[in-house]
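> Residue numbering for the sequence shown is 444 to 804, as defined by this note's numbering. Yeah, the Cβ is synthetic: ideal placement off N, Cα and C, and Gly gets one too. Remember, it's a predicted structure, so these values are computed and weren't measured experimentally. This structure is in structure tokens; I'll ask about it shortly.
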Amino acid sequence: MHDMESLPVPSVQAMVAATGGAHVPPRYLRPEVAADAVASEGEAAIPIIDFERLLLEEEAAAAAAASCRVESARLHAACQEWGFFQLINHGVPDDVIQGMKANIEAFFGLPAETKQQFAQERGQLEGYGQLFVVSEDQKLDWADILYLNTQPPEHRNTRFWPDKPDTLRSTLDAYSAAVKTVADRLLAIMSSNLGLPPEVVASRCSGGGMQSVRINYYPPCAEADKVVGFSPHSDADLLTLVLQVNQVQGLQVKRQDGTWVPVRPLDGAFVVNVGDILQGDDEGFEKLLKEISVQARATPYCARCVVHCVVEDGRRLKKKLTCGGHMSARRERERNNRGVLVHTEDMYAYSSLTVSLDIQT
């Protein structure tokens, strides 16, 4: 099977519409989920970082610069201890965010045959469907996904960009550009936190970096405690910025002690996680980044999305790293550990940023 191919699977949303969601096919059942330890409400929470304060050093006032240094230290600690944080006051205009949310909800409200016009094709991961389905007996996520390359514009394949609703394309263009600005500045701050020139962390990716958008739709499920909206994973990029379209709590982050911590979405905030590329195989750079790496390699951090709704979810690098090379090594580890190929993500080659938008109904 081609590395950039995902086997077609039925739309979960269409299946729920046809059956009422009362029956969950065996391929979606993941009973081990119910056995996982989940932190109780208020027991733990990922850090909250104020982006405006991170930018205050650009001002002349000493008090502003001091506030910036405090927030930069909090960012550094968040990367070191969690690898995840919520980013507030990020500067992406509210009308752009609200427009993106409205267009996503409108797209997934379209008839199944309309959405199917943008389905993945053989040899492609872009489009409407599911990602990384590599065998007929592989367990599936309880989700439908729209996956698109968004930045730079020359990497876009508009064949898979929905033209319905009418404003989706223009809104996604504005949203992806605004998020890229945030990510670029965030990476520069992270680099400076390590005592490096601002451009060094971003230079981890060759090819100038690429942005992709993954829109995840999690339909309601009658057996929500036995399915997973997005399987436990780490991201093969520099950063992932997640926007939760509604306030349904589904994203969970795994702590070093093995406990899953629910992420309570803040309205308009991005959930940011530090990707695998920041833990690459360049020895010199890895030493520089040891404080920002999320966990020891033997126990990499993970994230997953569970479905809750049961009724009507200073130094230059010696070499640059591509996600394709990183994923080849990761796939080998997965083959050795499980004897089964679980992920194929070579389409992320030269990727620096993944933008994820999650919606549960």
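Report the partner residues of G570 according to the DSSP bridge assignment.
Y590
> Take the Cβ of R565 as the centre, count every other Cβ of all protein chains shown within 10 Å, and call the residue buried at 16 or more, exposed below.
exposed
> Below 8 angstroms on the Cβ atoms is my contact criterion, and I expect S799 with N659 to pass it. Report the Cβ-Cβ distance as a whole number of Å.
7 angstroms
> Applying the 10 Å Cβ sphere with the 16-neighbour rule, what's the burial state of I491?
The residue in question, I491, is exposed, as its Cβ has fewer than 16 Cβ neighbours within 10 Å.
> Is V513 buried or exposed, if buried means 16 or more other CB atoms sit within 10 Å of its CB?
exposed
> Taking the alpha carbon of E666 as the reference point, which residue from E475, G572, A507 has its own alpha carbon closest?
E475
> Compare the beta carbon distance of S450 and V576 with 7 angstroms and say whether it is the shorter of the two.
Reading the sequence as shown, one finds Leu at residue 450 and not Ser. Against a cut-off of 7 angstroms, the Cβ pair of V576 and L450 comes out as a contact.
> Based on Cα-Cα distance, which residue from Y590, Q654, R628, S655 lies nearest to V643?
R628
> Tell me whether the segment 519-538 and the segment 615-634 touch, counting them as touching only if at least three CB pairs, one residue from each stretch, are closer than 8 angstroms.
yes
> Judging by CA-CA distance, which residue of G463, Q560, A488 is the nearest neighbour of L709?
A488
> Applying the 10 Å Cβ sphere with the 16-neighbour rule, what's the burial state of R657?
buried
> Check the C-beta distance from N636 over to T683 and give it rounded, since I have them as a contact under 8 angstroms.
Rounded, the Cβ-Cβ distance is 19 angstroms, inconsistent with contact.
> Check whether the Cβ atoms of V704 and L694 sit closer than 7 angstroms, and answer yes or no.
No, the Cβ-Cβ distance between V704 and L694 is not below 7 angstroms.
> On a CA-only basis, which of G638, V696, G572, V459 is nearest V714? Give me that one, please.
The residue with the shortest Cα to Cα distance from V714 is V696.
> Can you name the residues that DSSP bridges to D801?
N659, Q687
> So is R496 buried or exposed if we call it buried at 16+ other beta carbons inside 10 Å?
Buried, since its Cβ has 16 or more Cβ neighbours within 10 Å.
> Nearest to N689 by alpha carbon, out of A555, L681, I540?
I540
> Taking DSSP as the reference, what is the three-state secondary structure of L682?
L682 falls in the strand class under three-state DSSP.
> Measure the beta-carbon distance from K623 to L499 and round it to whole angstroms, keeping in mind my assumption that it falls under 8 angstroms.
Contact flag wrong, Cβ pair sits at about 22 angstroms.
> Just to confirm, does L637 get its C-beta within under 6 angstroms of one of the non-hydrogen atoms of the ligand COA?
Although the ligand COA was asked about, the structure shown includes no ligands whatsoever.
> Quick check on the DSSP output: what are the complete alpha helix (DSSP H) runs of length 4 or more inside the segment 503-583, in order along the chain?
You should have 505-524, 537-551, 555-558.
> What whole-angstrom Cβ distance do R470 and L583 have, given they're in contact under 8 angstroms?
That pair is a contact at about 5 angstroms.
> Check the C-beta distance from P662 over to Q456 and give it rounded, since I have them as a contact under 8 angstroms.
Approximately 5 angstroms separates the beta-carbon atoms of P662 and Q456; this is inside 8 angstroms, confirming the contact.
> Look up N600 in the DSSP assignment and say whether it is helix, strand or coil.
Note: N600 maps to coil in three-state DSSP.
> If contacts are defined as beta-carbon pairs under 8 angstroms, then Q573 and V452 qualify, I think. What distance do you get, rounded to the angstrom?
5 angstroms
> Quick one: using the 10 Å Cβ neighbour count with 16 as the cut-off for buried, is T557 buried or exposed?
exposed
> Please classify V459 as buried or exposed, where buried requires at least 16 neighbouring CB atoms within 10 angstroms.
buried
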